[in-house]
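Residue numbers (the working numbering): 21 to 646.
Below: one structure, written as structure tokens.
Here's what the structure looks like:
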């Protein structure tokens with residue numbers, strides 16, 4: 021039987037947030053790229069929450085943008101409300117979060133893909149990977165068509181052998197009732213890839229017309245919207261924003277849930293997969309936080325052209341009748357009409373310890389992996405991995421070194437390092453607390469940290485790179501000026517300080533010293549800083565943060581120096597851990613399993629103690645002397 025045969029440089033399997041970034045990166049780097057999806061209508065689909073960003077996730081989106089990715093640009097075009105979270109805290113934890121128009125987000129991203137040179141979209145289910153001598157050679161679709169390739173990126177999301185579950189109903193579909201991908205798992209297992217089963221879930225959607233908003237608290241966006249992308253004109257995102265709404269569960273809600281726990285597939289044993297600890301279902305919340313008499317519920321619009329509202333905070337897999345009873349106890353939802361039931365979804369993914377830090381499989385050269393398929397959760401985590409996997413697939417085809425970001429360089433570095441070095445028994449979620457150097461890894465300076473790397477890879481234009489260099493120079497010059505710009509205790513200055521409840525000057529000082537005062541900042545001081553040049557808001561923000569937190573930043577940079585020393589101590593690939601005397605048995609087992617690239621990476625493996633690291637360092641030094 022004759023079957024279709026095609027040749028392409030890179031194959032990307034899956035067109036969710038990871039797949040889109042991977043495919044765009046490869047195509048923009050000049051490689052012929054084919055992206056497969058079970059449905060063209062599911063490109064950049066948002067099957068769960070209708071938002072991009074949030075605590076730590078906003079950092080990831082900014083980093084994706086700084087490296088030349090698309091997510092930030094796309095949400096800037098399609099958001100309906102935007103908010104900077106944690107503004108009452110320090111800049112390290114400020115995070116952008118934007119409500120998306122789901123349909124527009126997907127439509128806009130699809131348009132970008134369709135109009136990118138070197139990129140072809142194919143609606144088909146990939147059923148097999150093809151290898152030769154431990155190297156990827158192509159993929160085969162369910163219909164038997166073969167696509168030969170030099171590299172492949174797997175971004176299957178939550179579609180592999182997916183089933184949606186609520187109560188005792190189990191439906192073998194992907195998210196949103198889309199077709200599952202049922203055949204690739206067997207091929208991966210046949211190639212020695214270790215699979216695992218995870219689950220996630222989503223709440224019900226209700227008809228806006230059936231909600232009593234008078235019983236809820238209206239939630240507004242920021243007066244001044246900050247864009248996600250460093251390339252977006254801030255004026256273009258100052259729009260009329262949609263509202264969200266806050267309400268709460270109550271004891272009646274919790275009692276209904278408790279009475280029906282025996283019918284929950286979470287507790288009946290019907291669900292095999294492990295769910296995300298940091299995004300629990302409402303039944304999980306009621307059980308685990310039994311002392312709480314209420315939980316927050318956010319009503320979020322799914323878009324401007326639909327009446328569907330997302331019930332944030334109440335994901336569930338309880339039976340249909342229980343869902344109706346439970347949701348109707350919430351203030352404002354007493355008469356809510358449910359458009360789509362809540363459900364849990366189970367799916368196959370890999371154990372990510374099989375990957376290098378480049379997101380390439382250790383045992384199959386040219387095969388890369390990104391997104392929820394790597395055991396993570398969240399659109400932003402997926403997109404970040406997809407971008408890195410796509411870049412590194414392209415680098416390999418081009419015969420160049422991979423892009424590997426370490427923990428001191430980016431949240432993306434923290435995310436990938438955690439995935440490939442730690443035992444992840446549940447879907448991984450990014451949090452600011454996971455980053456040791458978060459004062460340096462702020463969302464506001466992502467461009468200063470990463471745009472040069474994006475330029476070196478080839479995803480950042482010359483113009484954008486030169487703009488970055490100009491910004492760096494302006495920041496440095498202004499910090500230098502402010503730190504040496506003297507100011508005396510004139511009447512104008514004293515009145516200014518008095519008005520801002522700041523200590524009056526007894527002698528002259530510098531503008532820099534005034535910026536360091538907690539009650540003042542760089543922007544405020546423009547009033548008395550007569551020699552101030554005109555700079556962009558981005559430059560001003562960096563000047564303020566760098567002066568205000570100078571001591572803390574320096575301290576963290578010293579910590580990074582120590583970290584780099586450990587990261588730069590490479591472990592030879594041919595090392596035999598059985599020959600390293602005094603290493604504990606558990607450490608030997610773990611080091612063999614994870615095959616760390618450096619002493620730093622080895623030190624973060626669970627089961628490898630500081631004493632084991634000392635032994636390893638001594639061994640490597642003695643080996644080097646031979």
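Backbone N, C-alpha and C define an ideal beta-carbon position, used for all residues, glycine too.
- Judged by beta-carbon spacing, residue 112 lies beyond the 9 Å limit of residue 435, meaning their Cβ atoms are not closer than that value.
- Taking C-beta atoms under 8 Å as the contact rule, residue 145 and residue 203 qualify, at a distance of about 7 Å.
- Secondary structure at residue 264: strand, using DSSP grouped into helix, strand and coil.
- The distance from the Cβ of residue 477 to that of residue 170 is about 18 Å, inconsistent with a contact at the 8 Å cut-off.
- Rounded to whole angstroms, the gap between the alpha carbons of residue 445 and residue 370 is 11 Å.
- Judged by pairs of C-beta atoms under 8 Å, the stretch 319-328 touches the stretch 109-127, as three or more such pairs exist.
- Burial of residue 367 is indicated by the presence of at least 16 other C-beta atoms within 10 angstroms of its C-beta.
- In the three-state DSSP reduction, residue 308 falls in the helix class (H, G or I).
- Cα atoms of residue 597 and residue 619: separation of roughly 13 Å, rounded to the nearest angstrom.
- Classified as exposed, residue 355 has fewer than 16 neighbouring CB atoms from the shown chains inside 10 Å of its CB.
- A direct Cα-to-Cα measurement between residue 44 and residue 602 gives close to 48 Å.
- Annotated three-state conformation of residue 102 is strand, per DSSP.
- Of the residues 72, 106, 494 and 233, the one whose Cα lies closest to the Cα of residue 90 is 72.
- When DSSP states are grouped into helix, strand and coil, residue 157 belongs to the strand group.
- Proximity to residue 479 across 37, 24, 49 and 228 peaks at 49, based on C-alpha coordinates.
- Rounded to the nearest whole angstrom, the C-alpha separation of residue 237 and residue 101 is 16 Å.
- Setting aside the 5 residues that flank it on each side, residue 155 is surrounded in the same chain by 385 and 386, each with a C-beta closer than 6 Å to its C-beta; the list follows chain order.
- With a cutoff of 9 Å on beta-carbon distance, residue 205 and residue 199 are scored as not near each other.
- Residue 62 is not a Cβ neighbour of residue 28, given a cutoff of 9 Å.
- Comparing alpha-carbon positions, the option among 317, 59 and 509 lying closest to residue 141 turns out to be 59.
- One alpha carbon belongs to residue 638, the other to residue 320, and they sit about 57 Å apart.
- Under the DSSP assignment, residue 450 falls outside any alpha helix (DSSP H); it carries neither an H nor an E label.
- DSSP, read as helix, strand or coil, puts residue 644 in helix.
- The stretch 472-549 is shown to contain whole alpha helix (DSSP H) runs of 4 or more residues at 482-504, 511-519 and 531-535, in chain order.
- For residue 203, there is no enclosing beta strand (DSSP E), as DSSP marks it with neither H nor E.
- Annotation for residue 543: 560 and 564 place their beta carbon closer than 7 Å to its own, counting only its chain and skipping 5 residues before and after.
- According to the DSSP assignment, residue 611 belongs to the alpha helix (DSSP H) that extends over 605-614.
- Taking residue 424 as the centre and dropping the five residues before and after it, the same chain places the C-beta of 377 and 378 closer than 7 Å to its C-beta, in chain order.
- The alpha-carbon separation between residue 438 and residue 178 amounts to approximately 20 Å.
- Residue 629 holds the alpha-carbon nearest to the alpha-carbon of residue 605 among 74, 629, 450 and 399.
- Annotation for residue 181: 202, 205 and 368 place their beta carbon closer than 6 Å to its own, counting only its chain and skipping 5 residues before and after.
- Per DSSP, reduced to three states, the secondary structure at residue 627 is coil, with no helix or strand assignment.
- Shown here, residue 73 sits in a strand according to DSSP, grouped into three states.
- C-alpha of residue 359 to C-alpha of residue 39: approximately 29 Å in a straight line.
- Under the rule that a run must span 4 or more residues, the alpha helix (DSSP H) segments found entirely inside the stretch 203-262 read 204-210.
- Taking C-alpha positions only, residue 572 is separated from residue 562 by approximately 15 Å.
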